[in-house]
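*Asks:* First residue of the sequence shown? That's 14 in the numbering used here, and the numbers climb one at a time after it.
Ideal Cβ placement from N, Cα and C applies to all residues, glycine included.
Treat the numbers as computed from the prediction; the structure is a model and nothing was measured.
One structure coming up, written as structure tokens, with questions to follow.
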Amino acid sequence: MRPDLYDTALTNFEKSAKYFDYPDLPQNLATIYLAKGELDKAIDSLKQAISYQRKEGTMPPLYSELGNAYLKLERYEPAEIAFKDALKIDSNFVTARYGLASTYLKQNKID
Numbered sequence: 014m015r016p017d018l019y020d021t022a023l024t025n026f027e028k029s030a031k032y033f034d035y036p037d038l039p040q041n042l043a044t045i046y047l048a049k050g051e052l053d054k055a056i057d058s059l060k061q062a063i064s065y066q067r068k069e070g071t072m073p074p075l076y077s078e079l080g081n082a083y084l085k086l087e088r089y090e091p092a093e094i095a096f097k098d099a100l101k102i103d104s105n106f107v108t109a110r111y112g113l114a115s116t117y118l119k120q121n122k123i124d
């Protein structure tokens, strides 16, 4: 997506969030915040998106995105927790395994 379209989309999603409580809205906001590098806002939106999920099986990708956002901020402990939460639901979720390994490498926790 073109950067100028992120701003337009963000404006519209933020306006929608004031009036509607759609389950997909926080995830869409998080995607835009991540693309714009607004990681703290992305983290808040991802947490909200996770809380809106009705089925546990839809949570691992969101937990992994949450872990990646924390990892970019060098907040390793919450990143580790997010990746582990994804793996509690789906122990074979490759993205979470990769993220957890990256978290350990960044902290020199290599065993």
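Is residue 44 near residue 84, with beta carbons less than 8 angstroms apart?
*Replies:* In this structure, residue 84 does not lie closer than 8 angstroms to residue 44 by Cβ.
*Asks:* Rounded to a whole number of angstroms, what is the C-alpha to C-alpha distance between residue 21 and residue 123?
*Replies:* Near 43 angstroms, if we compare the C-alpha coordinates of residue 123 and residue 21.
*Asks:* Express the C-alpha separation of residue 50 and residue 113 in angstroms, rounding to a whole number.
*Replies:* Spanning the two alpha carbons is a distance of roughly 21 angstroms.
*Asks:* Under 6 angstroms Cβ to Cβ from residue 108, same chain only, skipping five residues before and after it: list those, please.
*Replies:* Excluding sequence neighbours, residue 108 sits near 77.
*Asks:* Are the CB atoms of residue 110 and residue 100 nearer to each other than 8 angstroms?
*Replies:* Taking 8 angstroms as the Cβ cut-off, residue 110 and residue 100 qualify as a contacting pair.
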